[in-house]
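Everything on this sheet refers to the single structure shown next.
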Amino acid sequence: LLVVALAMVATMNLLDSRTGRAIRALESGAVAAEAFGVDIFRVRVFVFVYAAVLAAISGFLYAHMQRAVNPSPFNIEASIEYLLMVVVGGASHVPGALLGAGIVTLIKDQLQNVLPKLFGLEGNYEIIVFGVILVFMLQLAPEGLWPLINAPFKRRVSTESLAAQEGAPLLHREPPPRGRKLLEAVGLRKSFGGLVAVNDVDLDIHAGELVSLIGPNGAGKSTIFNLITGVDQPNAGNVRFGQRDITGMSARLVARLGLARSFQHARLIPGMSVIDNVAIGAHLRGHAGPFRALARLDREEEARLKREARIQLQRVGLAGEAQRPALSLALGRRRMVEVARALCSDPVLLLLDEPAAGLRHQEKAALAALLRKLAEEGVAILLVEHDMDFVMGLCERVIVMNFGSKLAEGAPAVIARNPAVIEAYLGAIA
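The letter at position 422 of the sequence shown is residue 450 when you use the numbering used here, and the numbering goes up by one with no holes.
Printed below as a string of structure tokens:
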């Protein structure tokens, strides 16, 4: 019991930490996790080793108690039982594992007594019942029983815990002088097989500048984002950020330099609250490793990261949603969570992929006001957006893409009157 209790406490400490958020971020994909600055390889190795250690301890205790080891207890039936324990209790919930193990063990003991008498024959009939329970659980309560049991207590504690987690502010980057060239891309080209997604594109962005990248679907806008942030590598051309050539750098190293981004399809981490989804954006601003987290020695830094997350949620108007499950939000609010997460990294260049999609008129106005304020603070902003009213009223410069090539570039009023742009994209909107 002592070993189980220690393992549970250590694992809960780990998941409620900077490293724990990095582990959970893998659920939304390696691309998104790396964009926050997570070292995917190190996290995966740690998870493998930590799971192996727990399995080794379990095996040692099993052998010690049984005084002998043979393969028969580890058959397919046992695997089904272990899977059912996780599903019943709730995957990714540590107390849920204990709850599921207790429930399944009790049910198994009762079924082994009742079913043979019912059928009049000896046999492991409980496996049939387990299969039925498994199907019903996945349909009716896919997150398991623990979240349902814990929900009332979690709501009652959330307000008090937020007030208690007030940490010192994080250090911020010195903003570059307004007007200094931050990003320069020259001759970018990217092809996927025979499809040329980006063809010889040049662009530059200066500190404090609001620039929009527009064009029809499939014009290469999101691919340019991926080339700038290191998600994809160009076939030709180079990208410079400040005085550094970042061509070929990984997304994690690019994020360290102060580039933050959102995605075309909101990539929030399942099973995590809004504030935890935002706090992962500050991953590179923390330093506590997994071993400090296991022993809960990272609480001071954790409070500082959560404080920064609350500040950014306040900026985007979602302070009241901090403890809600992120995936329970509407699409527009999920996009604002992504904006807050990007701001949590303290960027000098912010790349936003369709941030206004799904927002109502008032929310778009609030987003525009926030982006203008960020630009005044010296943050350079490059955004992809299809809402032309939003773009034309916000940006100082517009770059138009069509079939992977730059079609036009200039002030919004000039772009709106460009015949080639009107034909390719704007149409009657102009």
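A virtual CB, placed ideally from N, CA and C, is assigned to each residue, including glycine. Quantities reported herein were computed from a predicted structural model and do not represent experimental measurements.
Grouping DSSP H, G and I as helix and E and B as strand, with all else coil, what is residue i?
i	result
Ala152	The displayed chain sequence assigns Asn, not Ala, to residue 152. The answer is coil: DSSP assigns Asn152 none of H, G, I, E or B.
Leu325	coil
Pro440	helix
Asp260	coil
Arg46	helix
Ser356	helix
Arg272	strand
Pro101	helix
Ala159	Residue identity differs from the one stated: residue 159 is Gly in this sequence, not Ala. Gly159: helix per DSSP, three-state reduction.
Glu171	coil
Arg295	coil
Leu166	helix
Gly350	Note that residue 350 is Ala in the sequence shown here, rather than Gly. Ala350 falls in the coil class under three-state DSSP.
Leu30	helix
Met40	helix
Can you give me the C-alpha to C-alpha distance between residue i and residue j, rounded to a whole angstrom?
i	j	result
Glu336	Ser250	28 Å
Val66	His311	7 Å
Pro180	Ser301	15 Å
Gly438	Arg425	5 Å
Ala191	Val365	Caution is warranted here: a pLDDT of 47 is assigned to Ala191, below 50, making its placement in the model unreliable, and the coordinate value is therefore given only provisionally. Their Cα atoms are separated by approximately 21 Å.
Arg332	Arg369	15 Å
Phe269	Ile256	9 Å
Leu357	Val77	35 Å
Gln140	Phe69	45 Å
Leu355	Val367	15 Å
Gly276	Leu211	15 Å
Pro101	Val73	29 Å
Leu42	Val442	54 Å
Gly87	Leu359	45 Å
Glu154	Ala106	12 Å
Val376	Ser278	18 Å
Asn152	Phe319	43 Å
Ala35	Leu134	22 Å
Ile177	Asp44	19 Å
Ile104	Leu143	20 Å
Glu405	Gln340	15 Å
Glu328	Pro175	27 Å
His92	Arg272	58 Å
Near residue i, what residues of its chain come up, given a Cβ to Cβ distance below 6 Å and the 5 sequence neighbours on each side ignored?
i	result
Leu54	Ala61
Leu112	Val132, Phe158 and Leu162
Arg46	Gly314 and Ala316
Ala125	Gly117
Gly195	Ala331, Arg332 and Arg335
Leu538	The requested residue 538 does not occur in the structure, where the chain is confined to residues 29 to 458.
Ile274	Val267 and Val282
For the alpha helix (DSSP H) holding residue i, just list the boundary residues, first then last.
i	result
Leu281	Ala279 to Arg284
Val115	Ile104 to Gly117
Met93	Ile68 to Gln94
Ala288	No alpha helix (DSSP H) holds Ala288; the beta strand (DSSP E) holding it covers Leu287 to Arg289.
Phe24	An answer regarding residue 24 cannot be provided, because it is not within the stretch 29 to 458 covered by the chain.
Ala60	Ala58 to Ala63
Sorted by chain position, which residues of the same chain lie with C-beta nearer than 7 Å to residue i's C-beta, five sequence neighbours on each side aside?
i	result
Asn263	Arg217, Lys218 and Ser219
Glu171	Gly118
Ala394	Gly345
Ala448	Leu435 and Ala436
Thr187	Confidence at Thr187 is low in this model, with a pLDDT of 48, below 50, so the placement of that residue should be treated as unreliable; the coordinate-derived value is given next. Once the five neighbours on either side are set aside, Thr187 has no close Cβ partner at all.
Arg201	Gly286, Asp374 and Val376
Pro353	Ser301
Identify the continuous beta strand (DSSP E) that holds residue i and give its terminal residues.
i	result
Asn266	Ala264 to Phe269
Taking 8 Å as the limit between beta carbons, can you name the residues of its chain near residue i, skipping five residues before and five after?
i	result
Ile252	Ala213, Leu216, Val226, Val229, Leu231, Leu241 and Met429
Leu198	Ala310, Arg313, Arg332, Leu333, Arg335, Glu336 and Asp374
Cys423	Leu238, Val239, Ser240, Leu411 and Pro440
Arg208	His234 and Ala235
Ile452	Here residue 452 is Ala; the residue named in the question, Ile, does not match the sequence. Cβ within range, chain order: Gly243, Pro244, Val428, Asn430 and Leu435.
Arg343	Ala368, Leu371 and Leu398
Ala294	Leu359, Arg362, Arg363, Val365 and Glu366
Arg49	Ile297, Met300, Asp304, Ala307, Ile308 and His311
Ala129	Met113 and Gly117
Tell me whether residue i, by its Cβ, gets closer than 7 Å to a heavy atom of the ligand FMN.
i	result
His315	Among the components of this structure there are no ligands whatsoever, and the ligand FMN is therefore not found.
**Report entry** Runs of alpha helix (DSSP H) lying entirely within the stretch 174-258, each at least 4 residues, in chain order
**Finding:** 174-192 and 249-257
Query - Minimum length 4: unbroken alpha helix (DSSP H) runs contained in the stretch 372-457 - result: 389-404, 416-422 and 440-445
**Report entry** Whole alpha helix (DSSP H) elements within the stretch 297-344, 4-residue minimum
**Finding:** 302-307, 318-322 and 327-343
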